[in-house]
Amino acid sequence: MKRTVRRLADGREIIYFDTDPATVRDAEDTRDLPPQAPASEMRRDPLTGEWVAIAAHRQTRTYKPPAELCPLCPSGPGRPTEIPEADYDVVVFENQFPSFAQGIPGQESTVEGMPMVPAAPAAGRCEVVCFTSDHNSSFGQLSPARVRTVVDVWADRTAGLAETPGVEQVFCFENRGEEIGVTLHHPHGQIYGYPFVTPRTEKMLQVAEKYLAQHGRHVQGDVLAAERAAGTRVIVESEHWTAYVPAAARWPVEVHVVPHRQVPDIVALTDAERDDLAVTYLDVLRRLDGLYDRPLPYIAAWHQAPVRTGRELSWLHLEVFSVLRSADKLKYLAGSESGMAVWINDVTPEQLAARLAAQG
Ligand SMILES: [Zn+2]
Numbered sequence: 001m002k003r004t005v006r007r008l009a010d011g012r013e014i015i016y017f018d019t020d021p022a023t024v025r026d027a028e029d030t031r032d033l034p035p036q037a038p039a040s041e042m043r044r045d046p047l048t049g050e051w052v053a054i055a056a057h058r059q060t061r062t063y064k065p066p067a068e069l070c071p072l073c074p075s076g077p078g079r080p081t082e083i084p085e086a087d088y089d090v091v092v093f094e095n096q097f098p099s100f101a102q103g104i105p106g107q108e109s110t111v112e113g114m115p116m117v118p119a120a121p122a123a124g125r126c127e128v129v130c131f132t133s134d135h136n137s138s139f140g141q142l143s144p145a146r147v148r149t150v151v152d153v154w155a156d157r158t159a160g161l162a163e164t165p166g167v168e169q170v171f172c173f174e175n176r177g178e179e180i181g182v183t184l185h186h187p188h189g190q191i192y193g194y195p196f197v198t199p200r201t202e203k204m205l206q207v208a209e210k211y212l213a214q215h216g217r218h219v220q221g222d223v224l225a226a227e228r229a230a231g232t233r234v235i236v237e238s239e240h241w242t243a244y245v246p247a248a249a250r251w252p253v254e255v256h257v258v259p260h261r262q263v264p265d266i267v268a269l270t271d272a273e274r275d276d277l278a279v280t281y282l283d284v285l286r287r288l289d290g291l292y293d294r295p296l297p298y299i300a301a302w303h304q305a306p307v308r309t310g311r312e313l314s315w316l317h318l319e320v321f322s323v324l325r326s327a328d329k330l331k332y333l334a335g336s337e338s339g340m341a342v343w344i345n346d347v348t349p350e351q352l353a354a355r356l357a358a359q360g
């Protein structure tokens, strides 16, 4: 894979990943953009101890543009986009409206009159990953070879962001579908470099530590072995990965894709594991789109080890889930979920697993 690093007109980095080593990427960004001036702040909730990023500048971001104005399509004559080249394989660039970024002015302080509320520049990095130059495609329609390239790109960026000042955790994810709140239809994902360990990861590390102390094994490894032995919730099983509906699924559609070997992050996957992931994940996505016979809106979230802590307690995995509880009904995160973080799921994991397994 050939990797070419360039700059956009406002100074943001853009990285081209090409399978053909002879590819040249030298197109200039001809747009007249003001220099980037990210201004996100983060504040820590004094009652929960959790950080909140406050990014008011994101209100002006591009919202559902018509296809001919898509900023993620390649540039055409007289029509410059975020990607200066006339075509691309996979491309990554810094988000124009980042929630976390480098070079935000200011320093650690507290909110005025609130000494118990720490505030700091939201120092991290947010990137956009375009999986294909084809506006009307989707991740599930990519070839296994292209998905394999995307896996390598995730690994490249996970390693790259881990070396970015202030970044403590790297999160690769994809939001797909209007029901999820996607504002651009072009197939793309995002990567966040957070300046702290996220609450969900912190909780999972605590649980893993306690389980390890009690049983001498990793909880994810035991879950994986039990799911494979039971088989009732398993959707796809390959040499290196198993995809299953978790026994205590929170969402009406939820699938976990888990490597058989304990690794902290995508960087640590072998070539064979990456090849196998591409095929396995595409199989899972095909089944998900078959569930309601329509493109399923989903969130795909990679759980990776933090950059500096808890790495030996982490077990890489992908969680794919949807808010769609039937072909035309949305599950809303209402009182119990939003107020108390207690999920009520109308669909049993076993029912869902049987329907997904039957899509084969
Ligand atoms: Zn597009």
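Each residue of the sequence shown is one higher than the last, beginning at 1 in UniProt numbering. In this text, a Cβ means the ideal position worked out from N, Cα and C, and glycines have one as well.
Got a sec: does ligand 1 put a non-hydrogen atom nearer than 7 Å to the Cβ of LEU72?
Because some heavy atom of ligand 1 lies under 7 Å away, the Cβ of LEU72 counts as near it: yes.
Name the DSSP beta bridge partners of MET42, please?
Answer is ALA53 and ALA120.
Reducing DSSP to helix, strand and coil, say where GLN304 ends up.
When DSSP states are grouped into helix, strand and coil, GLN304 belongs to the coil group.
Using only CA atoms, which one of GLY181, GLY160 and GLU179 lies nearest to CYS172?
Cα-wise, what sits closest to CYS172 is GLY160.
DSSP beta-bridge partners for GLY160?
Under the DSSP definition of a beta bridge, GLY160 lacks any partner.
Tell me the residue span of the alpha helix (DSSP H) that contains LYS210.
LYS210 -> alpha helix (DSSP H) spans 199 to 215.
Quick one: residues in its chain with C-beta nearer than 7 Å to the C-beta of GLU168, no 5 flanking neighbours on either side, listed in chain order?
Correct list, in chain order: TYR194, PRO195, PHE196, VAL197, PRO306, VAL307 and ARG308.
In the DSSP assignment, find the unbroken beta strand (DSSP E) run with ALA243 in it and report its ends.
Note, ALA243: beta strand (DSSP E), 241 to 244.
Hey, how far is the Cα of GLN141 from the Cα of ARG294?
When rounded, the separation of the alpha-carbon atoms in GLN141 and ARG294 is 13 Å.
Would ARG79 be called buried (16 or more neighbouring beta carbons within 10 Å of its own) or exposed?
Around the beta carbon of ARG79, a 10 Å sphere encloses fewer than 16 other beta carbons of the protein chains shown; the residue is thus reported as exposed.
Starting from the C-beta of VAL279, find all residues in its chain whose C-beta is less than 6 Å away, skip the five residues before and the five after it, and write them out in chain order.
Here the set comprises PRO144.
Could you pull out every residue in the same chain whose Cβ sits closer than 7 Å to the Cβ of HIS218, ignoring the five residues on either side in sequence?
Residues ALA208, LEU212, GLN262 and TRP315 of the same chain have their beta carbon placed closer than 7 Å to that of HIS218, with the five preceding and five following residues left out of the count.
Which residue from SER322, GLU28 and LEU285 puts its Cα closest to that of VAL236?
Of all alpha-carbon atoms in SER322, GLU28 and LEU285, the one lying nearest the alpha-carbon of VAL236 is that of LEU285.
First through last residue of the beta strand (DSSP E) which encompasses GLU68:
GLU68: not part of any beta strand (DSSP E); DSSP gives it neither H nor E.
For ASP87, I'd like the list of residues in its chain whose CB is within less than 6 Å of its CB, leaving aside the five on either flank, ordered along the chain.
Excluding residues within five positions, the ones whose Cβ falls inside 6 Å are PRO74 and SER133.
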